[in-house]
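Numbering (this note's numbering), first residue to last: 60 to 181.
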Amino acid sequence: MTSANGSSSNTEKTLEAMKSFSETYAKRTDTYFCIDPSVTAVVIEGLARHKDELGSPLCPCRHYEDKEAEVKAAYWNCPCVPMRERKECHCMLFITPDNDFAGDKQDITMEEIIKVRESLAG
Ligand code: SF4
Numbered sequence: 060m061t062s063a064n065g066s067s068s069n070t071e072k073t074l075e076a077m078k079s080f081s082e083t084y085a086k087r088t089d090t091y092f093c094i095d096p097s098v099t100a101v102v103i104e105g106l107a108r109h110k111d112e113l114g115s116p117l118c119p120c121r122h123y124e125d126k127e128a129e130v131k132a133a134y135w136n137c138p139c140v141p142m143r144e145r146k147e148c149h150c151m152l153f154i155t156p157d158n159d160f161a162g163d164k165q166d167i168t169m170e171e172i173i174k175v176r177e178s179l180a181g
């Protein structure tokens with residue numbers, strides 16, 4: 060993952076920004092990452108991909124007819140309205156401690172995220 064030039068280093072920066080956002084937001088909302096870190100990694104990777112493609116971290120766990128319109132509507136820009144209002148994250152990125160899938164971590168390593176990204180890239 061040496062990304063000496065251009066687009067790949069930009070992508071990595073976005074990934075780091077989304078990781079940092081997720082860690083900070085979990086701490087602020089008293090929510091936890093999934094016991095399976097690959098779930099967390101996939102969602103962070105999806106958020107970063109949307110941020111790069113669309114300029115906003117549109118929720119990666121939904122299907123959209125028109126992504127640009129959804130970004131403008133802002134409802135599903137992370138943290139989405141259900142999360143902000145009711146701590147409901149259907150991606151299982153932010154999980155309340157009473158949920159069986161909640162782990163005890165509010166941090167994830169870049170290595171875990173990059174491992175998932177590489178497996179997705181095939
Ligand atoms: S469900 Fe909401 S809080 Fe969870 S990843 Fe999607 S946009 Fe973010």
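C-beta: ideal position from N, C-alpha, C; glycine also.
All of these numbers come straight from a predicted model, not from anything done at the bench.
Where Glu-170 is concerned, the enclosing alpha helix (DSSP H) starts and stops at 169 to 180.
Ranking Gly-162, Asp-166 and Glu-104 by CA distance to the CA of Ala-180 puts Glu-104 first. Ala-128 counts as exposed, since fewer than 16 other beta carbons sit within 10 angstroms of its beta carbon.
Around the beta-carbon of Lys-78, 16 or more other beta-carbon atoms lie within 10 Å, marking it buried.
Taking 8 Å as the cut-off, the beta carbon of Ala-107 is found closer than this to the beta carbon of Thr-73.
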